[in-house]
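Number of protein chains: 4
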Amino acid sequence: MNLDPANPTPLFQQIAEGIRHALAAGAYLPGDPIPSIRAQAQKLRINPNTIQRAYEQLERDGLIESRKGLGMFVTSRADDSARASSLEALRDDLARALRAARAAGLLPDQIDTAYAQARAQLDAARRNGPARKEHP
Amino acid sequence: MNLDPANPTPLFQQIAEGIRHALAAGAYLPGDPIPSIRAQAQKLRINPNTIQRAYEQLERDGLIESRKGLGMFVTSRADDSARASSLEALRDDLARALRAARAAGLLPDQIDTAYAQARAQLDAARRNGPARKEHP
Amino acid sequence: MNLDPANPTPLFQQIAEGIRHALAAGAYLPGDPIPSIRAQAQKLRINPNTIQRAYEQLERDGLIESRKGLGMFVTSRADDSARASSLEALRDDLARALRAARAAGLLPDQIDTAYAQARAQLDAARRNGPARKEHP
Amino acid sequence: MNLDPANPTPLFQQIAEGIRHALAAGAYLPGDPIPSIRAQAQKLRINPNTIQRAYEQLERDGLIESRKGLGMFVTSRADDSARASSLEALRDDLARALRAARAAGLLPDQIDTAYAQARAQLDAARRNGPARKEHP
DNA sequence: GTGGTCTAGACCACA
DNA sequence: GTGGTCTAGACCACG
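Protein chains in written order, with numbering that gives the first Met the number 0: chain A, 0 to 135; chain B, 0 to 135; chain C, 0 to 135; chain D, 0 to 135.
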């Protein structure tokens with residue numbers, strides 16, 4: 000899980016996002032328990048309140064559910080939901096970015112070119128492994 | 000200028016963004032004065048301090064400059080700078096969105112499809128006039 | 000930190016300057032937290048908004064960074080940056096002063112003499128301790 | 000006279016400075032009248048209030064004096080005073096710059112080097128004529 | 001009239 | 001507790 004305290008996106012969202020990815024990747028199967036708030040907090044060396052907020056968000060999204068006295072468990076449809084919500088988030092992000100670009104008066108060609116560049120950069124990163132940042 | 004107080008991005012940034020767009024679109028030419036802080040504040044019904052903060056940011060970015068006792072004036076290279084910074088912002092947004100999508104395990108096909116959808120939605124909105132917000 | 004409300008240079012810049020000096024002097028090490036806005040405001044008996052503005056400037060200059068809910072922390076390269084910017088400021092000041100002197104028709108000898116005097120005055124002040132203000 | 004409305008130093012000071020230089024250079028002799036506020040304002044295309052403030056400052060410094068109903072005239076000791084005040088201004092500027100540099104923790108060597116650089120740059124500019132800005 | 005600084009006090013999100 | 005944004009209203013220098 001990639002946590003960066005200097006990142007402007009809130010810590011609890013970074014955590015929720017990390018777990019969402021883990022679910023989409025199948026790291027936790029439906030019915031599995033996820034680490035308790037206290038355990039997670041200790042492991043990540045982060046304030047338990049922050050973990051709590053991350054779990055709350057996941058629960059609202061239906062990815063995990065609490066069973067009284069037992070802890071939080073992965074929902075049956077969690078992996079699909081995780082993928083779906085990731086896709087939805089991507090759509091939202093793209094739509095927002097394009098709307099802003101259009102409002103700024105950028106031409107469709109410029110927008111497509113920017114996407115192609117970002118896309119190529121992503122492929123390069125994938126080929127070179129996740130640790131690489133720039134093309135060599 | 001589209002100002003939404005419910006939007007999580009700060010008001011003063013929304014204002015700066017709006018003027019940046021106006022500059023990119025050529026609404027104010029180099030050497031032109033932009034509306035005075037007080038006038039803008041009255042028109043947008045927003046506190047002058049907030050306008051001041053927006054203008055401050057534009058001045059730091061070299062888009063406008065202040066002449067004491069006279070007002071704020073558009074810099075000579077303002078429109079180019081505004082376009083360039085808009086393009087840069089788009090690239091950043093796209094790269095961030097794609098990185099997140101990849102981290103979430105989405106397939107390249109899904110990503111491209113999402114972009115195509117967002118792109119089509121943008122074109123549709125353009126054809127139907129700038130007032131349309133939702134899919135037609 | 001030397002704050003003079005009668006000084007024409009804005010308070011928030013004086014504050015930022017003071018912290019810049021402290022960073023250059025190594026008073027705060029990279030990774031250290033700097034005093035919270037509210038604490039600093041209370042200590043200096045100055046409005047928190049003014050402190051906030053000073054910190055904002057330091058953050059823009061890359062000397063400190065904020066972590067939400069935790070405070071502002073010294074950047075890794077802060078001390079070097081602080082020194083570099085101080086040196087740059089000195090060069091600018093000297094160049095501006097010399098340009099003005101030349102424009103006023105002063106002779107090179109007069110300029111050098113003035114610098115020697117200012118330099119000697121500085122040495123004397125250093126020998127006599129930082130509290131001395133006037134010529135001994 | 001070099002007037003720059005984008006310059007952060009107030010226009011009226013730039014004007015006063017320009018006249019001070021003219022006096023030091025002997026462009027106006029003691030007893031000569033200087034251009035009336037209205038004439039000066041029209042020639043420089045500047046608000047008469049601004050000229051008025053510049054003349055006020057020169058009068059306070061004893062460089063010019065008003066004779067009722069006649070206008071403003073150059074004082075007998077004006078050229079010497081102009082030179083002296085320029086020298087004094089230089090001393091002040093240098094002392095202030097050095098004090099700031101010392102407060103920032105710069106070493107004496109660094110300060111002397113910075114002065115030598117500024118001095119060399121000045122000489123180069125002088126050799127190349129007043130219009131040149133950078134060494135070729 | 002203009003921009004710029006400062007204070008006071010409020011509310012918010014985050015850890 | 002932290003930083004960040006916004007409002008309200010004051011005062012200043014400048015043209």
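Quick reminder that beta carbons are idealized off the backbone N, C-alpha and C, glycines included.
Nothing here was measured: the structure is a model prediction, and the numbers come from that model.
| Query | Result |
| --- | --- |
| Straight-line Cα distance separating L28(D) from G30(B) | 39 Å |
| Buried versus exposed call for S85(A) [16 or more other C-beta atoms within 10 Å across all chains shown] | buried |
| Sequence-distant residues of its chain with Cβ nearer than 7 Å to R82(C) (five each side left out) | A23 |
| Through-space distance from R125(B) to N6(C), alpha-carbon basis | 54 Å |
| Cβ-based burial, G104(D) [other Cβ within 10 Å; buried from 16] | buried |
| Per-residue DSSP class, three states only, for I45(C) | coil |
| 9 Å Cβ cutoff met for I33(A) and G68(A) | no |
| Straight-line gap, L97(D) to A26(C) (C-alpha atoms, nearest Å) | 21 Å |
| CB contact below 9 Å: L2(D) versus chain C | no |
| Coil, strand or helix - R66(A) by DSSP | strand |
| Three-state class that DSSP yields for P4(A) in the structure shown | coil |
| Alpha-carbon spacing of R37(A) relative to L43(A), whole angstroms | 10 Å |
| Span separating the alpha-carbon of A119(B) from that of D91(A) | 14 Å |
| 7 Å Cβ cut-off: residues of chain C touching P9(A) | K67 |
| Within-9 Å CB hit, E55(C) to chain A | no |
| Residue nearest to P107(D) in terms of C-alpha spacing, selected from D78(C), A117(C), I18(C) | A117(C) |
| Classification of L148(C) by the beta-carbon crowding that lies within 10 angstroms, buried from 16 upward | The requested residue 148(C) is not part of the displayed model; chain C covers only 0 to 135. |
| Chain-ordered chain B contacts of A5(D) [CB-CB under 7 Å] | E64, R66 |
| 9 Å Cβ cutoff met for A144(C) and Q51(C) | Here chain C covers residues 0 to 135 and nothing more, so residue 144(C) does not appear. |
| Cutoff 9 Å: P47(C) Cβ touching any chain D Cβ | no |
| C-alpha distance - D78(C) paired with G61(C), whole-angstrom precision | 11 Å |
| Alpha helix (DSSP H) segment containing L177(A), residue limits | The shown model of chain A, from 0 to 135, leaves out residue 177(A), and the question about it has no answer. |
| Nearest-angstrom Cα separation, counted from T74(C) out to A100(D) | 22 Å |
| C-alpha gap between D122(C) and A94(D), whole angstroms | 11 Å |
| Limits of the unbroken alpha helix (DSSP H) element including L22(C) | 10-23 |
| Residue burial classification, A113(B) (beta-carbon count within 10 angstroms, cutoff 16) | buried |
| Buried versus exposed, by CB contacts within 10 Å (16 or more), T8(D) | exposed |
| S65(B) Cβ short of 8 Å to the ligand ZN heavy atom set | Looking for the ligand ZN in the displayed structure turns up nothing, as the structure carries no ligands at all. |
| Contact set between the segment 71-88 of chain B and chain A, restricted to residues whose Cβ is under 9 Å from the partner | A81, R82, S84, S85, L86, A88 |
| Buried or exposed by the 16-neighbour rule on C-beta atoms within 10 Å, applied to R19(A) | buried |
| Alpha-carbon spacing of A102(C) relative to L10(D), whole angstroms | 17 Å |
| Residue environment, Q39(C), which counts as buried when at least 16 other CB atoms sit within 10 Å | buried |
| Status (buried if at least 16 other CB within 10 Å, exposed otherwise) for A53(A) | buried |
| Given Q66(B) as reference, the closest of N1(B), D111(B), S35(B), A21(B) once Cα atoms are compared | The amino acid at residue 66(B) is misidentified as Gln; the sequence shows Arg. Of the candidates N1(B), D111(B), S35(B), A21(B), the one whose C-alpha sits nearest the C-alpha of R66(B) is S35(B). |
| Within chain C, the residues that R125(D) reaches when beta carbons sit closer than 8 Å | R101 |
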